[in-house]
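Protein chains in written order, with my numbering: chain A, 1 to 238; chain B, 239 to 518.
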């Protein structure tokens, strides 16, 4: 004897409801975990790509060994810089040479107390514009790991500028970017909107120069984000 | 049974409930799918963010102290703008035992304010509470004053504890436009000479009290000073890395007294140029 039509409806609908509830309970966590895994994989891929881009420039043993001057903190006065002579095989190409000396500067001196830059900071890209302005792009750690303060930030910038001055005559000015972006300050104090004089015999560049990447010398970033920043006039004279 | 309805209504009711449940399950699955992708999207948009210049830079022209030379000469230095650095979410330097620069500078500012007011100066602060005005907002407060000097107060995370350093801005090429205005981002340029005099005087007073401090003011490319149209210095106390917070607290009155005496000594030197746009 077959059940009445209404009873069949009730049976099938109840079964359907049970399936939907069970299906949702099983599938939602699975979908969530898959999406998380996919997001993690994507992050790993980006991180891998970044590491490949930013890997330090290896020293070429066939390059002539020269006595490079690197500026870290003075062991007699921690508020000043002192040159340390290190024999390194340096490239004759100014961009490669700059990367090599800056990476050595980042690696730090034997006495870690005398370092000027945080150990986890990475030089992401470096190139030199035709007018001698060098663009150095660092990872965010340069800004986040440096001890906050006017003195420490100024010493960090000065150590880079003085090291480039001593080893790469082609660099006239230095512009510092953080992760491809122009930032207002290094860690709340020292102004990064302008350029730093590297060779004192050159006139300082504009605070916000309009820059274009040098062909064939661009590293991790496609184009600098500098803006023509001569802002509107605001102060009146009477 | 499920509800107290007639037997003929039950299949229809169950059917409607089933459809509603399907919609609910569908919505849950859609939400589960969308959540991670939205996170990725926001991360992408953050990483591709391009900085923009401060929005206030093309705003109202601000009259300056020394540029309004006649009036400044008549009135002389009367206002000191004190800038307790950092604040809000920007804690500044952080030391042992929870010492925060943004908090300590407020205490130093209160002491400096008291000492300056005793010397007869009117004091204006760039922040009164635990907030964090932008560099431009702080400069705007100073640039709105006449016959003023600007002092930004900091506590370092490095340096010999118990010493104090005074900084003036590094050289800036002075620029004046044809209509006699000074560009906002070069506002400090015409004042660098006066800033140097003020810095050396304050540093001298501080060094008398805090041995091991430099004899003269140092130069640094300080963002806060660049847009300030007044004699402007930064005072940085070393440091947040002290064993006992009381060591810093004890310095406050000495720092305040030295700054007040330095500013008082600078007052007769606050002579302004008679022509605008020339570095004093």
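From the three backbone atoms N, C-alpha and C, an ideal C-beta is built for every residue, glycine too.
Excluding residues up to 5 positions away in sequence, 68, 70, 88, 90, 163, 164, 167, 168 lie with their Cβ nearer than 8 angstroms to the Cβ of residue 101 of chain A in the same chain. Within the model, the alpha-carbon separation for residue 10 of chain A versus residue 23 of chain A is close to 20 angstroms.
Under the three-state reduction of DSSP output, residue 500 of chain B falls in the helix class. Within chain A, the residues 147, 148, 149, 152 have their CB atoms less than 7 angstroms from the CB of residue 395 of chain B, given in chain order. Taking 8 angstroms as the upper bound for CB-CB distance, residue 494 of chain B and residue 150 of chain A are not in contact here, some 19 angstroms apart. The three-state reading of DSSP puts residue 115 of chain A in coil, since its state is none of H, G, I, E or B. Think of a sphere of 9 angstroms around the beta carbon of residue 190 of chain A: the chain B residues whose beta carbon falls inside it are 458, 459, 460, 461, in chain order. The beta carbons of residue 444 of chain B and residue 402 of chain B sit closer together than 7 angstroms.
Judged by their CB atoms, residue 398 of chain B and residue 437 of chain B are not nearer to each other than the 7 angstroms cut-off.
The criterion of a C-beta distance shorter than 7 angstroms is not satisfied by residue 380 of chain B and residue 459 of chain B. Inter-segment contact for the segment 366–383 of chain B and the segment 326–345 of chain B is present: three or more beta-carbon pairs are separated by less than 8 angstroms. Look at the segment 78–99 of chain A: the residues with a C-beta under 8 angstroms from a C-beta of chain B are 78, 79.
For residue 87 of chain A, the secondary structure class from DSSP, reduced to helix, strand or coil, is strand.
For residue 104 of chain A, the CB contacts under 8 angstroms within the same chain, skipping 5 residues up- and downstream, are 68, 70, 86, 88 in chain order. Per DSSP, residue 390 of chain B lies in no alpha helix (DSSP H) segment; the continuous beta strand (DSSP E) that holds it begins and ends at 386–393.
Residues of chain B with a Cβ closer than 8 angstroms to the Cβ of residue 113 of chain A do not exist; the shortest Cβ-Cβ separation is about 11 angstroms.
Annotation: the continuous beta strand (DSSP E) that includes residue 474 of chain B extends over 470–475. Looking at the backbone, the Cα of residue 394 of chain B and that of residue 454 of chain B are separated by about 18 angstroms. Under the criterion of beta carbons closer than 8 angstroms, residue 81 of chain A and residue 117 of chain A do not qualify as touching, at roughly 12 angstroms. Residues of the segment 319–334 of chain B with a Cβ closer than 7 angstroms to any Cβ of chain A, in chain order: 324, 328, 330, 331. With fewer than 16 other CB atoms across the displayed protein chains lying within 10 angstroms of its CB, residue 18 of chain A is exposed.
Note that the C-beta distance between residue 478 of chain B and residue 337 of chain B is below 7 angstroms. According to the DSSP assignment, residue 322 of chain B belongs to the beta strand (DSSP E) that extends over 317–322. Proximity of residue 345 of chain B to chain A, defined by a Cβ-Cβ separation below 7 angstroms, is not satisfied.
Residue pairing of residue 407 of chain B in beta bridges, as defined by DSSP: B:458.
In the DSSP annotation of this structure, residue 77 of chain A is not part of any alpha helix (DSSP H), being labelled neither H nor E. For residue 143 of chain A, the uninterrupted alpha helix (DSSP H) segment begins and ends at 141–144.
Legend: CB atoms of the segment 461–492 of chain B lying less than 7 angstroms from CB atoms of chain A belong to residues 461, 464, 467, 472, 474. Closer than 7 angstroms to the CB of residue 508 of chain B there is not a single CB belonging to chain A. The beta-carbon of residue 185 of chain A is placed less than 7 angstroms from the nearest beta-carbon of chain B. Take the alpha-carbon of residue 463 of chain B and the one of residue 65 of chain A: they are about 43 angstroms apart. Counting only residues of its own chain and dropping the five nearest sequence neighbours on each side, residue 106 of chain A has a CB closer than 7 angstroms to the CB of 117, 121, 123. Between residue 456 of chain B and residue 508 of chain B, the C-beta spacing is not below 7 angstroms. Taking 8 angstroms as the upper bound for CB-CB distance, residue 175 of chain A and residue 135 of chain A are in contact here, some 5 angstroms apart.
Here residue 133 of chain A is buried. Its C-beta has 16 or more other C-beta atoms within 10 Å.
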